[in-house]
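To keep things clear, I will list the structure first and then write my remarks on it.
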Amino acid sequence: MGLSNKIDLKKEIRIVNPKLKSHKAQYPYDYPAMSKHMDLKSGSGAFIDTINCHMQISYNGIYSLNDGKMEKYLGLKEFVHKGAIGYYSNDVVKGGSTRTLQNKTYKLLSGKVKISDAMKKVKEYFEVGTPIYPTKWN
0 MGLSNKIDLK
10 KEIRIVNPKL
20 KSHKAQYPYD
30 YPAMSKHMDL
40 KSGSGAFIDT
50 INCHMQISYN
60 GIYSLNDGKM
70 EKYLGLKEFV
80 HKGAIGYYSN
90 DVVKGGSTRT
100 LQNKTYKLLS
110 GKVKISDAMK
120 KVKEYFEVGT
130 PIYPTKWN
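Start counting the sequence shown at 0; every next residue gets the next number (numbering that gives the first Met the number 0).
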(Lines of atoms letter the chains of each structure in order from A; the text may use other names.)
(Lines give C-alpha, C1' and ligand atoms only; values in the text may rest on other atoms or scores of the structure.)
Protein backbone atom coordinates (compact mmCIF):
# COMPACT_ATOMS: atom_id res chain seq x y z
CA MET A 0 0.00 0.00 0.00
CA GLY A 1 3.03 2.24 -0.14
CA LEU A 2 3.24 2.80 3.62
CA SER A 3 6.40 0.82 4.42
CA ASN A 4 8.27 4.05 5.18
CA LYS A 5 5.56 5.16 7.66
CA ILE A 6 4.81 1.92 9.50
CA ASP A 7 7.15 -0.28 11.54
CA LEU A 8 5.88 -3.68 10.35
CA LYS A 9 7.96 -5.55 12.92
CA LYS A 10 6.08 -3.66 15.65
CA GLU A 11 2.62 -3.31 14.08
CA ILE A 12 1.78 -6.72 12.56
CA ARG A 13 -0.13 -8.66 15.21
CA ILE A 14 -1.02 -12.33 15.59
CA VAL A 15 -4.47 -13.77 16.27
CA ASN A 16 -4.03 -17.22 17.80
CA PRO A 17 -6.03 -18.86 20.62
CA LYS A 18 -2.83 -20.46 22.00
CA LEU A 19 -1.12 -17.09 22.54
CA LYS A 20 -2.15 -14.98 25.49
CA SER A 21 -3.40 -11.43 25.08
CA HIS A 22 -2.02 -9.02 27.70
CA LYS A 23 -5.18 -6.89 27.83
CA ALA A 24 -3.29 -3.67 27.15
CA GLN A 25 -4.79 -1.27 24.64
CA TYR A 26 -6.06 -2.52 21.26
CA PRO A 27 -4.35 -3.62 19.03
CA TYR A 28 -1.27 -4.00 21.21
CA ASP A 29 -2.87 -6.62 23.47
CA TYR A 30 -2.19 -9.11 20.65
CA PRO A 31 1.39 -10.42 20.31
CA ALA A 32 3.67 -9.09 17.59
CA MET A 33 4.17 -11.40 14.61
CA SER A 34 7.91 -10.81 14.82
CA LYS A 35 7.94 -12.82 18.07
CA HIS A 36 5.89 -15.74 16.65
CA MET A 37 6.52 -16.18 12.91
CA ASP A 38 4.97 -19.63 12.34
CA LEU A 39 1.53 -19.22 10.73
CA LYS A 40 -0.33 -22.54 10.72
CA SER A 41 -3.92 -23.49 9.97
CA GLY A 42 -6.18 -21.49 12.25
CA SER A 43 -3.56 -18.87 13.04
CA GLY A 44 -3.43 -15.40 11.58
CA ALA A 45 -1.91 -11.96 11.81
CA PHE A 46 -3.09 -8.40 11.37
CA ILE A 47 -2.02 -4.80 11.22
CA ASP A 48 -4.48 -2.08 12.18
CA THR A 49 -3.39 1.55 12.38
CA ILE A 50 -4.92 4.88 11.38
CA ASN A 51 -3.13 4.45 8.02
CA CYS A 52 -3.98 0.89 6.98
CA HIS A 53 -5.53 -2.43 7.95
CA MET A 54 -4.70 -5.96 6.78
CA GLN A 55 -5.74 -9.29 8.25
CA ILE A 56 -4.12 -12.51 7.04
CA SER A 57 -4.51 -16.18 7.86
CA TYR A 58 -2.70 -19.31 6.76
CA ASN A 59 -4.46 -19.23 3.38
CA GLY A 60 -4.06 -15.56 2.44
CA ILE A 61 -5.44 -12.08 3.00
CA TYR A 62 -8.83 -11.91 4.69
CA SER A 63 -9.42 -8.14 4.78
CA LEU A 64 -7.58 -5.05 3.59
CA ASN A 65 -8.03 -1.27 3.78
CA ASP A 66 -5.57 1.43 2.71
CA GLY A 67 -7.23 4.09 4.91
CA LYS A 68 -7.85 6.55 2.07
CA MET A 69 -11.60 6.81 2.68
CA GLU A 70 -11.09 7.44 6.39
CA LYS A 71 -8.56 10.19 5.57
CA TYR A 72 -11.01 11.71 3.08
CA LEU A 73 -13.73 11.71 5.76
CA GLY A 74 -11.34 13.19 8.34
CA LEU A 75 -11.53 10.19 10.67
CA LYS A 76 -8.64 9.56 13.05
CA GLU A 77 -9.24 5.98 14.17
CA PHE A 78 -8.11 2.46 13.35
CA VAL A 79 -9.27 1.72 9.81
CA HIS A 80 -10.43 -1.89 10.26
CA LYS A 81 -14.08 -0.81 10.21
CA GLY A 82 -13.91 -0.07 6.48
CA ALA A 83 -12.59 -3.55 5.75
CA ILE A 84 -14.45 -6.04 7.93
CA GLY A 85 -18.10 -5.23 7.31
CA TYR A 86 -18.64 -2.73 10.14
CA TYR A 87 -20.69 -0.60 7.75
CA SER A 88 -22.56 -3.55 6.22
CA ASN A 89 -25.89 -2.23 7.52
CA ASP A 90 -25.45 0.60 5.00
CA VAL A 91 -25.13 -1.71 1.98
CA VAL A 92 -27.45 -0.39 -0.74
CA LYS A 93 -27.60 -3.46 -2.97
CA GLY A 94 -26.07 -6.92 -2.99
CA GLY A 95 -25.63 -9.47 -5.73
CA SER A 96 -23.23 -10.79 -8.33
CA THR A 97 -21.24 -8.39 -10.48
CA ARG A 98 -22.85 -9.95 -13.54
CA THR A 99 -26.31 -9.00 -12.23
CA LEU A 100 -25.32 -5.50 -11.07
CA GLN A 101 -22.86 -4.48 -13.81
CA ASN A 102 -25.28 -2.09 -15.58
CA LYS A 103 -26.55 -0.38 -12.40
CA THR A 104 -25.40 3.20 -11.74
CA TYR A 105 -24.94 4.70 -8.27
CA LYS A 106 -24.19 8.22 -7.04
CA LEU A 107 -20.95 8.51 -5.07
CA LEU A 108 -19.17 11.47 -3.50
CA SER A 109 -17.20 11.99 -6.72
CA GLY A 110 -20.20 11.60 -9.05
CA LYS A 111 -22.17 8.79 -10.67
CA VAL A 112 -20.48 5.48 -11.46
CA LYS A 113 -21.63 2.37 -13.27
CA ILE A 114 -20.78 -0.91 -11.51
CA SER A 115 -18.94 -2.25 -14.58
CA ASP A 116 -16.75 0.89 -14.64
CA ALA A 117 -16.09 0.62 -10.91
CA MET A 118 -15.11 -3.03 -11.38
CA LYS A 119 -12.50 -2.01 -13.95
CA LYS A 120 -11.08 0.62 -11.57
CA VAL A 121 -10.89 -1.86 -8.70
CA LYS A 122 -9.16 -4.43 -10.89
CA GLU A 123 -6.67 -1.81 -12.10
CA TYR A 124 -6.00 -0.67 -8.52
CA PHE A 125 -5.17 -4.16 -7.31
CA GLU A 126 -3.13 -5.08 -10.38
CA VAL A 127 -1.04 -1.89 -10.34
CA GLY A 128 -1.21 -0.51 -6.81
CA THR A 129 -0.78 -3.54 -4.59
CA PRO A 130 0.95 -6.91 -4.51
CA ILE A 131 -2.44 -8.67 -4.51
CA TYR A 132 -3.58 -9.97 -7.88
CA PRO A 133 -7.17 -11.22 -8.14
CA THR A 134 -7.44 -14.58 -9.84
CA LYS A 135 -11.14 -14.56 -10.71
CA TRP A 136 -13.72 -11.86 -11.48
CA ASN A 137 -17.45 -12.63 -11.60
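For every residue, glycine included, the Cβ atom is placed at its ideal position computed from N, Cα and C.
Check, Outcome
"Apply the 10 Å Cβ neighbour rule to Asn-102 and answer buried if 16 or more other Cβ atoms are within range, or exposed otherwise.", "exposed"
"Could you name the residues that DSSP lists as bridge partners for Met-54?", "Ile-47, Leu-64"
"Alpha carbons only, please: which of Lys-93, Glu-70, Gly-95, Lys-120 is nearest the one belonging to Ala-83?", "Glu-70"
"In or out: Arg-13 buried (at least 16 other Cβ within 10 Å) or exposed?", "buried"
"If you run the structure through DSSP and keep just helix, strand and coil, what is Val-15?", "strand"
"What whole-angstrom Cβ distance do Phe-46 and Val-79 have, given they're in contact under 8 Å?", "About 12 Å separates the two Cβ atoms, so there is no contact after all."
"Exposed or buried, Gln-55, counting other C-beta atoms within 10 Å across all chains shown (16 or more means buried)?", "buried"
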